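K.L.:
Residue numbers (our numbering), protein chains in the order written: chain A, 1137 to 1574; chain B, 132 to 562. Have a look at the structure that comes next, please.
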Amino acid sequence: MKKKIRGKRFAAGVFLAAVLVAALVSPYYFRHKRTITLGFFTNSPWGVPDAYTYQLIDDAVEKFEAGHPGVKVKFVSGIQKDDYSEYIASALIKGNAPDVFFVLPEDFSAFAGTDALMKLDTYIDSDADYDTSRYYRASFEFGNISGNQYGIPFESVPSMMFVNKTLLKNEGIGAIPEDWTWEDFYRICSKVTRDTDGNGLEDQFGVYGYTWQHAFITNGVDVFDANGTGCDLLSENAIETVDFIKAINELTKGNIVTADDFDKGNVAFMPALLSDYRTYKPYPWSIKKYTNFELGCITLPRGEKGDNKSTMSTLLLAMNSRTDNARLAWELIKTFCYDIEIQSEIYTYKEGASVLKTVTDSMTTMLSINQMLSEEGGMDINLITSIMDHAEPDYNFKDTTSVKEIIDAGIDDIVKNRTDSKIGLQMIEKQVRSFLAE
Amino acid sequence: MDTSVLKNSALSFMKSFNFITVLYISVVSAVTIIKIGNSGGAVMFLKKVNTLPPVPGKMLFISPSFFVLLMVLMYIHDNYEIKQQWRMIILEFICTVFVIVALQVNYNGIILLFVAHIMKYFEGSSKKLLPLILGSTFFLIFDFNACSNFFKITSFETYTEYYIGTVAAVLILIKNLLSTLNIILFIVYTILHLREQMDEKDEINSLNEQLRAANTELENFAAESEKLAQTRERNRLAREIHDTLGHTLTGIIAGIDAAMAVADVSPETLKRYLSLVSDVARQGMTDVRRSVNELRPDALEQGDLLSAIHKMISQMGAASKVDITLDNRAGRLSFGEDEEKIIYRIIQESITNSIRHGKADTVRIRVTREYNIVTITIRDNGIGAPDIEFGFGLTHMKERLDMLGGKIHVDGSDGFCVVAEIPIRWGTEND
C-alpha cells in the first residue's frame, strides 16, 4: 500500500530547503559585490611600442575607487596583447572572466556573437548623464552589432596616409590638399616611380600597402550589410575601384615594394594608422625608424564617387554578461570611456585618439601647438579631428578577419594575373557568400 | 519470468542508462571546455559557436542534479499516495525539460524515460495513448537540429571537434550507443507494458467466467437453502407444538381423567386435581404465548438491536417469571441486518433453552467487544447439562454463526453458559 504524504509538510520541506540554499549562497554573493575585476593588456593594441599603459589604468582605477568608497578594482597585470584574446576567451568559457574588460577590435564580433558580452543599451538609456553624441560616430558604432551596443569605445585609430615629405619636395611636388583625389594620387605615384641611380631598375615608388579596403571606403563601396550576412561586390563602384587598384599596382612594373622601402625613404606614400604616426613622428622614434626623411600625414585620396574617408579601428570596453556587479561595471566603463580627465590621458600615455570629440579637439590643438613650437609645422596633427569626423567604423561582423583574408587573396589574384575585374569580383563574391552561409 | 518483473527491470535499466548518459555528456563537455581553455583554442572555439557554453562547474553539476531530482520525484510518485496525479506529472515533466535544457538539448532520451514512467498512470482506456503521443511530440520538439534553428545551443559534436580523429569519433560513438540503448530499452518496456495489459485482460475475462458460474451455483444453493429453511421451520413448529401444547394437553387429559375417576368419590380430591389441571393449562398458556413471541421477531424490525433485545427480555421475563438481565459493555450495537437477526436469535434461543430445559430462574446476558470481535455470553443458574448434545437449537445457532465467521462455545458444568464470538465486518461499525 502507498504511504500518505502530507501536502503541508512537503511544502514546508521545500521552503526550508530553499531558505537553506539562500543562506548558503548569500554571503558569497554579497562578499563579491564589493570587488570588481578588470581585464586589460599591457602593450599597445595597435602594434606600436608602448610604455605607459599602467599609468592610465592606475589613474582610472584610483579615480573610480575614490568615487565609489568601499569598492575595490582587482586586475591581473602583465598580460601581453598577443596573449590577451586567448586569455579573455579562455576565461569566458571557463566562467571566470573579469566583470569589465578591454576587447580588441578583431575579437569583438566573436565575443558579442556568443552573448559573452552584456547588452549595454539599458544602461545607456537609463543613464541621464550619459550622452552618446559626445563620441565620434565611427567609434561608437563599432560597438554596435545588429542594433545592440555590446561595447563602449575607449580608444580609436583612423587609417590615414603617411607621406614622405622629403621625397615629394625632391620631386618638385607641392603641398597636397586635404581633399585630394585618386587622379592626384595616380599622377604623383606615376611621377615618382623611376630609377634614381641609373642602374636600369626602378628604385623609387609611389605607394606601399594600399589595399582594397582603403580604396573601397574612399569610393563609396559598401561590401557588406550591417549584419555581415550579405555581400555585394559587383556594383559599378566596386569594379571601378578594382580597376584603379590594378592601375596603381601596374605602376611598379612588376617590382615588389616592401615596408622596408618606405622606411628607407624610397616610397612616397604608405597607408598607416594614427597610432603609427603618433609613435614614429616624435623623438626618439623619428630618429630610429624614419632616419633620412621627414614624415607627414594626409587623408586617403578619394575616388570619383567617394570621399576622403578612413576606416576607424576602436578598442572597446565591454561588460561580462555573467557579471553580478553590472551597476558598478557600468560605472567603471564610464570612468574609462566617458571621463574627460582619463580620456585626455590617452594623448599623454597612449598612441591612439580619444573617442570623445571634446577631448580630441582640445588635445590635438594643444599637441599641434607643441609641435609647431618644436618642429617646422603642426598642420598634420590637426587633420586628426577631420579624419575622425569622417571615418567609418571597421567591419564588426563575425569572422571579419577571415572574410577580409578571402577578399585580400582574391584581389591579389586579380592584380597579379590581370584578370578582368568583374569576373574576378564574381568569383570573390561567390567565395565570400559561401563562407558567410556556413 | 513474470512480465511485470521484466518490465520493472527494463525501467530500472532505463534510469541507470539515462543517468550514465547525462553524466557522460556533462563530464565530456565540461572537461573539453577546460581543455580548450587551457590549450589556447578558446578564441577559435568562440568563433565556432554562437553562444557561450555554460560554466564547466555548473555544467557538471546542474543536469545531473536535475536528473537526481527527477528520480526522487519518480520515487515519491511510485511509493507515496499522491492526490493530484497531474501536478506530480507536470512537476516531473518540468524536471525532465530542465535536464534537457541544461544539456543544451544534446540528449533527449530522458523524454522516453519520462513516458515509460508515466505510462502506468494512464491505465484508463481513453487516455492510454496520451503519454505516447505527448512523448513522441516532445521527443521531436527537443531535437537538437530542430532546436538549433530557434535557440542558441552548442552541439556535443562541436565540443568533440577539439579532439583529434579517433578520440572524437569514439566520444560520439559512445554517446550514440547510449542513446540507442535507451531507445531499445524503451521499446522493450512498451512491449512488456502492452503484454502485461493484455494478460490482465485475459485474466479479467476468465475471472468473470468463474464469477458467473459461482453466481449460478449460488442461486441454486439459495433456492435449496430456502426449502431447507422451510423444512426446518416446520420441524421447529412441530417440536414447539409437541413441547408445549402436546405436553400441556397430555397433562390436562391426564388430570381430567383422574378428576373424572374421583369425581363421585371425593370432591376434595377432585378439586385438587382440577386445580392442578388449571395450573398445567395456565403453564401451557404461558408456553404458547412465549412460543408465539419467539416465532414473531418483529421487535427487531421496529427499532435498533439493543432495544429489540431489551423488549424481548422484558416480555420473556414477564411470561416466565425468570430474572433476565442484560449487561452491555460494547456501547452502541450496530451491525448489518443479517448480523442483527442472528444475534437476536442467538439470545432468544439461549434464553428459551435456559427456561425450558435448564429450569433456571436467573439468566445473565453480557455483551463485550474487543477490537473487532463482539462476544455475547449467556449464563443461567439452571440444572445445566453434563453431556451436551448438539440438538436442533444449538446446531441452528452454530450454523448461523458460521455464516458470519463467528464461533460458539457451550459449557453445561455449572448452570449453562453459551459464549458466541462474532467478528464485526468492516465499514459498518461507524454507520
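C-beta atoms are modelled at their ideal positions from N, C-alpha and C, and glycine is treated no differently. Treat the numbers as computed from the prediction; the structure is a model and nothing was measured.
Quick one: which chain A residues come within Cβ less than 8 Å of Leu191/B?
P.N.:
For this step, residue 191/B is matched to residue 60 along the second sequence. Ordered by position in chain A, no residue passes the 8 Å Cβ test against Leu191/B, which lies about 12 Å from the chain.
K.L.:
Give the interface partners of Thr291/B over in chain A, defined as CB-CB distance under 7 Å, in chain order.
P.N.:
Residue numbering aside, residue 291/B sits at position 160 when the second sequence is read from its first letter. The premise fails here: Thr291/B is roughly 15 Å from chain A at the closest Cβ pair, so nothing lies under 7 Å.
K.L.:
Is Lys166/B close to chain A? Criterion is C-beta to C-beta, closer than 8 Å.
P.N.:
Within the second sequence, numbered from 1, the residue matching residue 166/B stands at position 35. By this cut-off, Lys166/B is not an interface position.
K.L.:
The ligand FMN heavy atoms versus the CB of Ser267/B: any closer than 7 Å?
P.N.:
Looking for the ligand FMN in the displayed structure turns up nothing, as the structure carries no ligands at all.
K.L.:
Can you find a CB in chain A that lies within less than 8 Å of the CB of Thr508/B?
P.N.:
The residue given as residue 508/B occupies position 377 in the second sequence. So no, Thr508/B is outside the interface.
K.L.:
Just reading off the beta strand (DSSP E) that Gly1432/A is part of, what are its end residues?
P.N.:
The sequence position of residue 1432/A within the first sequence is 296, counting from 1. Unbroken beta strand (DSSP E) run through Gly1432/A: Leu1431 to Ile1434.
K.L.:
Going by beta-carbon coordinates alone, are Val419/B and Leu376/B separated by less than 8 Å?
P.N.:
Your numbering for residue 419/B matches position 288 in the second sequence. Your numbering for residue 376/B matches position 245 in the second sequence. Yes. Within cutoff.
K.L.:
If you measure between the beta carbons of Lys1445/A and Glu1528/A, is that distance less than 8 Å?
P.N.:
Along the first sequence, one-based indexing puts residue 1445/A at 309. Along the first sequence, one-based indexing puts residue 1528/A at 392. Yes, the pair counts as a contact, with Cβ atoms nearer than the cut-off.
K.L.:
Name the residue from Thr499/B, Trp217/B and Ala449/B whose alpha carbon lies nearest to the alpha carbon of Asp492/B.
P.N.:
Counting from 1 along the second sequence, the entry for residue 492/B is found at position 361. Asp492/B has its Cα closest to that of Ala449/B, out of Thr499/B, Trp217/B and Ala449/B.
K.L.:
Consult DSSP for Leu1647/A and reduce its assignment to one of helix, strand or coil.
P.N.:
Limits of chain A in this structure are 1137 at one end and 1574 at the other, which puts residue 1647/A out of reach.
K.L.:
Decide if Asp469/B is buried, meaning its Cβ has at least 16 other Cβ atoms within 10 Å, or exposed.
P.N.:
Taking the second sequence and counting its residues from 1, one reaches residue 469/B at position 338. With fewer than 16 Cβ atoms within 10 Å of its Cβ, Asp469/B is classed as exposed.
K.L.:
Between Ile477/B and Ala360/B, is the Cβ-Cβ spacing less than 8 Å?
P.N.:
Locating residue 477/B in the second sequence gives position 346, where the first residue counts as 1. Locating residue 360/B in the second sequence gives position 229, where the first residue counts as 1. No, these two residues do not count as a Cβ contact at 8 Å.
K.L.:
Which one or two residues does DSSP pair with Cys548/B in a beta bridge?
P.N.:
On the second sequence, residue 548/B is found 417 positions in, with the first residue counted as 1. Looking at the DSSP assignment, Cys548/B forms a beta bridge with Arg510/B and Asp542/B.
K.L.:
Along the alpha helix (DSSP H) that carries Ser1245/A, what are the first and last residues, could you check?
P.N.:
As a working note, residue 1245/A is residue 109 in the first sequence. Here the alpha helix (DSSP H) through Ser1245/A covers Pro1241 to Gly1249.
K.L.:
So, with DSSP's three-state summary, where would you put Ala1154/A?
P.N.:
Position 18 of the first sequence, counted from the start, is the residue given in the question as residue 1154/A. Note: Ala1154/A maps to helix in three-state DSSP.
K.L.:
So, does the CB of Leu183/B fall closer than 8 Å to a CB anywhere in chain A?
P.N.:
Reading the second sequence from its first residue, position 52 is the one you call residue 183/B. Interface residue, yes.
K.L.:
Under three-state DSSP, which class holds Ser1449/A?
P.N.:
Walking along the first sequence from the start, residue 1449/A turns up at place 313. The answer is strand: DSSP assigns Ser1449/A an E or B state.
K.L.:
Would you please verify whether the beta carbon of Ala1147/A is less than 8 Å from any beta carbon of chain B?
P.N.:
Position 11 of the first sequence, counted from the first residue, corresponds to residue 1147/A. Chain B, which has no Cβ nearer than 8 Å to the Cβ of Ala1147/A, makes this no.
K.L.:
Using the C-alpha atoms, what's the distance from Trp1316/A back to Glu1242/A?
P.N.:
As a working note, residue 1242/A is residue 106 in the first sequence. As a working note, residue 1316/A is residue 180 in the first sequence. Their Cα atoms are separated by approximately 30 Å.
K.L.:
Go through its chain and collect everything with a Cβ distance to Ala516/B's Cβ below 7 Å, but skip five positions before and after it.
P.N.:
Numbered from 1 along the second sequence, position 385 holds the residue referred to as residue 516/B. Result list for Ala516/B: Gly543 and Phe547, in chain order.
K.L.:
Within 8 Å (strictly less), CB to CB, does Leu177/B reach chain A?
P.N.:
Here residue 177/B corresponds to residue number 46 of the second sequence, with the count starting at 1. Output row for Leu177/B: interface = yes.
K.L.:
Measure how close the beta-carbons of Lys1566/A and Pro187/B come, nearest whole angstrom, since I'm counting them as under 8 Å.
P.N.:
The count along the first sequence starts at 1 and reaches residue 1566/A at position 430. The count along the second sequence starts at 1 and reaches residue 187/B at position 56. Actually they are not in contact, since the Cβ atoms of Lys1566/A and Pro187/B sit about 40 Å apart, beyond 8 Å.
K.L.:
Closer than 8 Å, CB to CB, is Glu1222/A near chain B or not?
P.N.:
In the first sequence, counting from the first residue as 1, residue 1222/A sits at position 86. Yes, contact with chain B.
K.L.:
Between the Cα of Val494/B and the Cα atoms of Arg460/B, Glu530/B and Thr456/B, which residue gives the shortest distance?
P.N.:
Residue numbering aside, residue 494/B sits at position 363 when the second sequence is read from its first letter. Among Arg460/B, Glu530/B and Thr456/B, the Cα nearest to that of Val494/B belongs to Thr456/B.
K.L.:
Which residue from Val1197/A, Pro1289/A and Asn1306/A puts its Cα closest to that of Phe1429/A?
P.N.:
If you number the first sequence from 1, residue 1429/A lands on position 293. Out of Val1197/A, Pro1289/A and Asn1306/A, Asn1306/A has the C-alpha closest to the C-alpha of Phe1429/A.
K.L.:
Alpha carbon to alpha carbon, how far is Glu471/B from Asn366/B?
P.N.:
Along the second sequence, one-based indexing puts residue 471/B at 340. Along the second sequence, one-based indexing puts residue 366/B at 235. Near 24 Å, if we compare the C-alpha coordinates of Asn366/B and Glu471/B.
K.L.:
Considering Cα atoms alone, identify which of Val1293/A, Ser1262/A and Asp1361/A is closest to Val1519/A.
P.N.:
Counting from 1 along the first sequence, the entry for residue 1519/A is found at position 383. Note on identity: in this sequence residue 1519/A is Leu, with Val being the wrong assignment. With distances taken between Cα atoms, Leu1519/A lies closest to Val1293/A.
K.L.:
Give me the residue from Asp511/B, Ile473/B and Ile555/B with the minimum Cα distance to Gly489/B.
P.N.:
As a position in the second sequence, residue 489/B is number 358, starting the count at 1. The option with the nearest alpha carbon to Gly489/B is Asp511/B.
K.L.:
Please list the terminal residues of the continuous alpha helix (DSSP H) segment that includes Gly1560/A.
P.N.:
For this step, residue 1560/A is matched to residue 424 along the first sequence. Per DSSP, Gly1560/A belongs to the alpha helix (DSSP H) from Ser1557 to Ala1573.
K.L.:
If you draw a straight line from the alpha carbon of Ile272/B to that of Thr311/B, how long is it in whole angstroms?
P.N.:
Position 141 of the second sequence holds residue 272/B. Position 180 of the second sequence holds residue 311/B. C-alpha separation (whole angstroms): 18 Å.
K.L.:
In three-state terms, what does DSSP make of Arg1170/A?
P.N.:
The residue labelled residue 1170/A in the question sits at position 34 within the first sequence. Arg1170/A: coil per DSSP, three-state reduction.
K.L.:
Is there a Cβ from chain A that is less than 8 Å from the Cβ of Gly558/B?
P.N.:
By 1-based counting over the second sequence, the position of residue 558/B is 427. Note that Gly558/B has pLDDT 47, beneath the 50 cutoff, so the model's placement of it is unreliable and the number below is only indicative. So, not an interface residue.
K.L.:
Starting from the beta carbon of Lys283/B, find every residue of chain A whose beta carbon is closer than 9 Å, and list them in chain order.
P.N.:
Here residue 283/B refers to the residue found at position 152 of the second sequence. Within chain A, the residues near Lys283/B are Thr1250 and Asp1251.
K.L.:
With DSSP run on the structure shown, which of helix, strand or coil describes Ala1440/A?
P.N.:
The residue you call residue 1440/A lines up with position 304 of the first sequence. Inspection of the sequence shows that residue 1440/A is occupied by Glu rather than by Ala. Glu1440/A: coil per DSSP, three-state reduction.
K.L.:
Mind checking which residues open and close the beta strand (DSSP E) that includes Asn1300/A?
P.N.:
Position 164 of the first sequence holds residue 1300/A. Start and end: Ile1288 to Asn1300.
K.L.:
What residues match up with Gly1279/A in a beta bridge as DSSP calls it?
P.N.:
As a first step, residue 1279/A is located in the first sequence; it is residue number 143 there, counting from the start. For Gly1279/A, which the question treats as bridged, DSSP gives no partner whatsoever.
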